[in-house]
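Worksheet: one structure, shown below.
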Amino acid sequence: MPLSPHPLATNAETLTQTHLPPALSLSEDEFLGGKICLYQPQKGHHRSGTDAVLLAACSPAKAGHLVVDLGSGVGAAGLCVAARVGGLNLVAVEIDKDIAAIAAANMKRCAHHLASATVLNCDVALRGEPRKQAGLTENMADHVIANPPYYRPEKFQTSPNEARATAHMLTHEGMDPWFRTAVSVLKTGGTFSLVQRADELPELLRLMQGRFGGITVQPFAAKEGEAAHRVVIQGKKQSRAPFRLLPTIVLHDGLSGKPSARSEAIHRHGAAVNLGL
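Residues 26 to 302 in the numbering used here are what the sequence shown spells out, letter by letter.
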């Protein structure tokens, strides 16, 4: 599937045209038991980990589908989906120029999992014609995934590091721009999956209303008997299916502290979490 041209746009044939930002010190980190290995900044920026893996596991994408990863960071969530399903068309949207360049380099490393890939260095909050010109056209995507910042400036202290603050702190608009863009770029019947802190669930449900149906919530808890600390919420564009709250997935064994069997399957073997949409 051809994608819109962009300064950072690329595909499996031209991925060698990407360059890492020289000013950043990078680590190389394995995901899904080594199925993919990604560059990440060692400090000063958000580092992808378990939340990206959980989000990717919940996406119902199939080979040949187009997935848009909003606020992609270095591309971990989208590339974890690609490693699980293969043959994916992936569009990563990242506002930080250096991080977008790293995402493009990571797509080069993971080209064998991709049918095509594009990195858009732009703001998720763009509206109307500027959003279209950036490469986010209406009804383009089969699925959208997102891992927005987890903190609100009115509740948490902003980091003095600008890059870290951008990655971790919501703007005054909150998460509304992420839902607004997701519903715009999705095809009818496409899904939007988002990972967030569990205490943001009331706000997530509010933002889903009127935009998506078949809303499904998958909670995750660190240990058995503990309250959920993360949720993945998923909805389908123009669906009328009822709301569903799924059983909590426990990530660690309470006695040993080691990953649970389900967590091990997700994190090391790329197992899917079926939300039923």
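All C-beta atoms, glycine included, are put in the ideal place defined by N, C-alpha and C. These numbers come from a predicted model, not from an experiment.
Alpha carbon of V256 to alpha carbon of P173, nearest angstrom: The straight-line gap from Cα to Cα measures roughly 13 Å.
Distance between beta carbons of P46 and A128, contact taken as under 8 Å: Not confirmed; about 11 Å, so no contact.
Residue ranges of each beta strand (DSSP E) within the segment 203-232, 3 or longer: Taken in chain order, the complete beta strand (DSSP E) segments of 3 or more residues contained in the segment 203-232 are 211-222.
Validate contact between the segment 257-269 and the segment 230-246 using beta carbons, cut 8 Å, 3 pairs: By the criterion of at least three beta-carbon pairs nearer than 8 Å, the segment 257-269 is in contact with the segment 230-246.
When H254, K133, D167 are compared against T213, the one with the closest alpha-carbon: Cα-wise, what sits closest to T213 is D167.
C-beta atoms of T206 and V116 nearer than 7 Å: For T206 and V116, no; Cβs fall outside 7 Å.
Beta strand (DSSP E) runs contained entirely in the segment 95-126, provided each spans 3 or more residues: With a minimum length of 3 residues, the continuous beta strand (DSSP E) runs that stay inside the segment 95-126 are 113-118.
Cβ contact (3+ pairs, closer than 8 Å) linking the segment 58-71 and the segment 262-275: At 8 Å Cβ cutoff, the stretches do not touch.
Spatial distance of G89 from R287 (CA atoms): Approximately 27 Å, taken between the alpha carbons.
Through-space distance from D123 to A130, alpha-carbon basis: Their Cα atoms are separated by approximately 11 Å.
Status (buried if at least 16 other CB within 10 Å, exposed otherwise) for N186: Caution is warranted here: a pLDDT of 46 is assigned to N186, below 50, making its placement in the model unreliable, and the coordinate value is therefore given only provisionally. N186 comes out exposed.
Backbone secondary structure at A247 - three-state DSSP: Strand, per DSSP.
Length of the line joining the Cα atoms of V71 and V99: The sequence given here has His at residue 71, not Val. Computed Cα separation, rounded: 9 Å.
Option nearest S97 by Cα separation, candidates G74, K87, R109, A48: Taking each of G74, K87, R109, A48 in turn and checking the Cα distance to S97, the smallest one comes out for G74.
Alpha carbon of A290 to alpha carbon of H277, nearest angstrom: Computed Cα separation, rounded: 12 Å.
Coil, strand or helix - K133 by DSSP: Looking at K133 - three-state DSSP - the assignment turns out to be helix.
Opposing strand residues paired with L63 [DSSP bridges]: DSSP lists D54 as partners of L63.
Residue from A246, A266, F204 whose Cα sits closest to the Cα of L229: The option with the nearest alpha carbon to L229 is F204.
CA-to-CA distance, Y175 to S50, given in whole angstroms: C-alpha separation (whole angstroms): 24 Å.
Given D54 as reference, the closest of P66, A48, E154 once Cα atoms are compared: When each option's Cα is compared against that of D54, the closest is P66.
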